[in-house]
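Colleague: Heads up: the sequence shown runs through residues 230 to 439, numbered per our numbering. Mind looking over this structure? Questions follow.
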Amino acid sequence: MKLIFLGPPGAGKGTLAAKASPLFNAPHISTGNIFREAIAAGSPLGNKVKSIIDAGKLVDDATTIELIRERLAQNDVKNAYILDGFPRTIAQADALAGFSKVDTVINFDVPDNIVIERLSGRLVCRKCGFNWHKNFNPPKDGKTCDKCGGEIYTREDDKSEAVKKRLEVYREQTAPLIEYYRAKGLLVDIEAGSQVDITLENLKKALSCK
Ligand code: AP5
230 MKLIFLGPPG
240 AGKGTLAAKA
250 SPLFNAPHIS
260 TGNIFREAIA
270 AGSPLGNKVK
280 SIIDAGKLVD
290 DATTIELIRE
300 RLAQNDVKNA
310 YILDGFPRTI
320 AQADALAGFS
330 KVDTVINFDV
340 PDNIVIERLS
350 GRLVCRKCGF
360 NWHKNFNPPK
370 DGKTCDKCGG
380 EIYTREDDKS
390 EAVKKRLEVY
400 REQTAPLIEY
410 YRAKGLLVDI
420 EAGSQVDITL
430 ENLKKALSCK
């Protein structure tokens, strides 16, 4: 199954994709994670995108499209994948249609107040990238990852000014994809303001009906 996970920042796309990936045998591809790994490695791509991401803006379409075009050419994603965070603009969606046929687009619907609550409390492991949360899913000592012992940090783009910008960018550039994919008959809406396991169950039900 070839899936796109669409939704505002903090909708839970990454959290749900990590849980759904083994269930559907579909590799999880997150453009945000790819960019953050490049930044951590200090690669030319990382140096190019760091200030853009920290400010909550979008990386340019040409760079992002090329990244995904190359990733989707690999063998492990021939039959299935979950795209988390791509496409994010109409231009990216048009480009994707030219090199891969998506089966279903999930639109995770979450109100702004929940988004802000989730992002302002997010804690990320520097080593394995796992997303913890200060209140909803805290690591035991608040400082180290219970999964791998890595250091916990707060993403620069989870600070309030950048979150405001990300929501603005989402509304202007990404939200139009909802109607874009609805018109193609590919969209499934899922209410994602509840607990993770409830949303995961709703996702499984929605996909088994397809
Ligand atoms: P990216 O990493 O994709 O950021 P995002 O879309 O803003 O997504 P988030 O990671 O903030 O949210 P999420 O929906 O995955 O939620 P999560 O599961 O983490 O992109 C970062 C940046 O990279 C972009 O701003 C842009 O600059 C660049 N970029 C990426 N893709 C691009 C593209 N295609 N084009 C151009 N630029 C691109 O959950 C958030 C928190 O909430 C966590 O702490 C989690 O534990 C908690 N949580 C999740 N679900 C629940 C729940 N149900 N209940 C309680 N807590 C929950």
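Think of the CB as a built atom: it goes at the ideal place given N, C-alpha and C, for glycine as much as any other residue.
Which same chain residues end up closer than 7 Å to residue 315 when comparing Cβ atoms and leaving out the 5 residues on each side of it in sequence?
Modeller: The answer, listed in chain order, is 260, 293, 297, 321.
Colleague: DSSP three-state call for residue 348: helix, strand or coil?
Modeller: DSSP places residue 348 in helix when its eight states are reduced to three.
Colleague: Are there three or more Cβ pairs, one per stretch, closer than 8 Å when the region 265-272 is compared with the region 241-257?
Modeller: Flag = no, the region 265-272 and the region 241-257 do not touch.
Colleague: For residue 287, does the three-state DSSP call read helix, strand or coil?
Modeller: If DSSP states are grouped into helix, strand and coil, residue 287 belongs with coil.
Colleague: List the residues that DSSP assigns as beta-bridge partners of residue 446.
Modeller: Examination of residue 446 is not possible in this model, given that the chain is present from 230 through 439 alone.
Colleague: Using a Cβ-based criterion (distance less than 8 Å to any ligand heavy atom), does residue 259 qualify as near the ligand AP5?
Modeller: True, at least one ligand heavy atom lies under 8 Å from that Cβ.
Colleague: Is residue 264 near the ligand AP5 - that is, is its Cβ less than 8 Å away from at least one heavy atom of it?
Modeller: Within the cutoff, so yes.
Colleague: Identify the continuous beta strand (DSSP E) that holds residue 416 and give its terminal residues.
Modeller: Residues 416-420.
Colleague: What residue from 309, 277, 399 has the CA that sits closest to residue 240's CA?
Modeller: Ranking the options by Cα distance to residue 240, first place goes to 399.
Colleague: Report yes if the CB atom of residue 284 is closer than 9 Å to the CB atom of residue 386, and no otherwise.
Modeller: In contact: residue 284 and residue 386 (Cβ atoms closer than 9 Å).
Colleague: Under three-state DSSP, which class holds residue 426?
Modeller: Three-state result, residue 426: helix.
Colleague: Quick one, are the C-beta atoms of residue 351 and residue 383 less than 9 Å apart?
Modeller: Contact: yes.
Colleague: With DSSP collapsed to three states, give me the class of residue 244.
Modeller: The answer is helix: DSSP assigns residue 244 an H, G or I state.
Colleague: Can you determine whether any heavy atom of the ligand AP5 sits closer than 8 Å to the C-beta of residue 418, and answer yes or no?
Modeller: For the ligand AP5, not one heavy atom lies less than 8 Å from the Cβ of residue 418.
Colleague: On the criterion of 16 or more Cβ atoms from any shown chain inside 10 Å, does residue 357 qualify as buried, or is it exposed?
Modeller: Classification of residue 357: exposed, given that the 10 Å Cβ count is below 16.
Colleague: Using the C-alpha atoms, what's the distance from residue 242 back to residue 330?
Modeller: Their Cα atoms are separated by approximately 20 Å.
Colleague: Give the C-beta separation of residue 341 and residue 418 to the nearest angstrom, bearing in mind that I take them to be a contact with Cβ-Cβ under 8 Å.
Modeller: Actually they are not in contact, since the Cβ atoms of residue 341 and residue 418 sit about 17 Å apart, beyond 8 Å.
Colleague: Comparing C-alpha positions only, which one of 354, 244, 423 sits nearest to residue 312?
Modeller: The candidate whose alpha carbon is nearest that of residue 312 is 244.
Colleague: Rounded to whole angstroms, how far is the Cβ of residue 232 from the Cβ of residue 373, which I believe are closer than 8 Å?
Modeller: Contact doesn't hold; Cβ gap of about 33 Å is too wide.
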